[in-house]
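The structure under discussion appears below in the form of structure tokens.
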Amino acid sequence: MEVFKSNPFYMKVFGDYALFTDPMTKGGGEKFTYQVPTYQALKGIVEACYWKPSLYYVIDSVKVIKQIKTEAKGILSPMKDGGKDRNYYTYLRDVEYLIKYHFRWNVNRLDLAYDWNEKKHEQILLRSMNKGGRRDIFLGTRECVGYIERIHKNYFNQAKSYYEGENVSLGIMFHSFTYPSEAYDEKTKKVLTSNFAPITMHDGVINFIEPKDCSIKHTLGEYAIKKFGKEDFLSAEQTFSEYEKKGVNVDEFNECSF
0 MEVFKSNPFY MKVFGDYALF TDPMTKGGGE KFTYQVPTYQ ALKGIVEACY WKPSLYYVID
60 SVKVIKQIKT EAKGILSPMK DGGKDRNYYT YLRDVEYLIK YHFRWNVNRL DLAYDWNEKK
120 HEQILLRSMN KGGRRDIFLG TRECVGYIER IHKNYFNQAK SYYEGENVSL GIMFHSFTYP
180 SEAYDEKTKK VLTSNFAPIT MHDGVINFIE PKDCSIKHTL GEYAIKKFGK EDFLSAEQTF
240 SEYEKKGVNV DEFNECSF
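Note that numbering that gives the first Met the number 0 numbers the sequence shown so that position 51 is 50, with each residue one more than the last.
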């Protein structure tokens, strides 16, 4: 069966601080950020803009616009005895990224196939980006508030990165989690899997492979997630109808973003 892929979408993400934690630094209570956002972090940002259980997002690439700069902060953490301990977290400062992504139908949820309405999902997603997202945007962690803007293909392609003309190897990084709801084979159907892959930035752009293609995978254990049924969410058709009832000008959805 041919895999459905939507048209590509483009988004700008920016903020004062970001913390995409390197798991190797978490053991001692202190956190140190990766130099660039992970696939999973970017996917979470897109899902905060708009998400339904009938689909899932694939991050194609990210362009790092600004110079990578870090800043360490002392954080007072509460202890069990009532005291406090100072930990140092190292954040990225003044970040800006351009994301290219698309969505696919979640074939693990054939019971939701009635919601596979490409145009309605596409139009709602475009409007959500225009409005800055449907939920709060965080850049890796809750204390790092981010913002999003819808952009177009030409903006993505023509924007200049600080790392234009450079090839940067970032080594093996955490890539993503595979949850049972997005399982791609029998091994991943009932467990949580963490994926790692070597990451390279060329001209400021990282082209991501998909989770199933990652070279290093770890099964973290059995994992159960809430299963959304028809009664738990509005379909794309219902969501679109709600916009019409509120007097939203749906003609704005027809503006091409590709």
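We treat Cβ as the ideally placed atom computed from N, Cα and C, and that holds for glycine. These figures come from a predicted structure and were not determined experimentally.
Residue j beta carbon less than 7 Å from that of residue i
i      : j      : result
Ile171 : Pro197 : yes
Ala47  : Ile136 : yes
Ile103 : Phe3   : Looking at the sequence itself, residue 103 is Arg, so the reference to Ile does not match. Contact: yes.
Phe19  : Tyr33  : yes
Lys269 : Pro7   : Any property of residue 269 remains undetermined from this structure, which presents the chain solely from 0 to 257.
Tyr87  : Ala112 : no
Glu221 : Lys189 : yes
Ala258 : Leu109 : Residue 258 falls outside the range modelled here, since the chain spans only 0 to 257, and no answer is possible.
Lys65  : Glu95  : yes
Met10  : Ile147 : yes
Residue i classed as buried or exposed, judged by whether at least 16 other C-beta atoms fall within 10 angstroms
i      : result
Ile215 : exposed
Met23  : exposed
Tyr49  : buried
Thr199 : exposed
Thr192 : buried
Val144 : exposed
Glu254 : Per-residue confidence for Glu254 stands at a pLDDT of 43, beneath the threshold of 50, marking its modelled position as unreliable; no derived number is given.
Lys42  : buried
Lys226 : exposed
Residue-chain proximity (residue i, chain B), Cβ-Cβ < 7 Å
i      : result
Lys152 : No chain B appears in the structure shown, which is made up of a single protein chain.
Alpha-carbon to alpha-carbon, residue j and residue i
i      : j      : result
Glu236 : Trp115 : 10 Å
Ser180 : Arg134 : 21 Å
Ser53  : Ser5   : 13 Å
Ala40  : Ser240 : 31 Å
Phe173 : Asn105 : 23 Å
Ala17  : Ser234 : 33 Å
Thr187 : Lys130 : 35 Å
Glu263 : Gly139 : Residue 263 is absent from the structure shown; the chain starts at 0 and stops at 257.
Thr177 : Asn107 : 13 Å
Ser168 : Lys68  : 17 Å
Ser160 : Ile44  : 21 Å
Phe155 : Asp84  : 43 Å
Residue i: CB within 6 Å of a non-hydrogen atom of the ligand NAD
i      : result
Val167 : With respect to the ligand NAD, the structure shown offers nothing to examine, as it has no ligands at all.
With a floor of 3 residues, list each beta strand (DSSP E) that falls wholly inside the segment 171–236, ordered by position along the chain.
-> 190–201, 204–206 and 215–221
Contact between the segment 27–37 and the segment 120–129 (3+ Cβ pairs under 8 Å) = no
Please specify which runs of the beta strand (DSSP E), each continuous and at least 3 residues long, are wholly inside the segment 42–117, giving them in chain order.
-> 54–63, 69–77 and 83–104
Would you call the segment 42–61 and the segment 199–210 touching, i.e. three or more CB-CB distances under 8 Å?
-> yes
Beta strand (DSSP E) segments (min. 3 residues) lying fully within the segment 130–157 | 144–149
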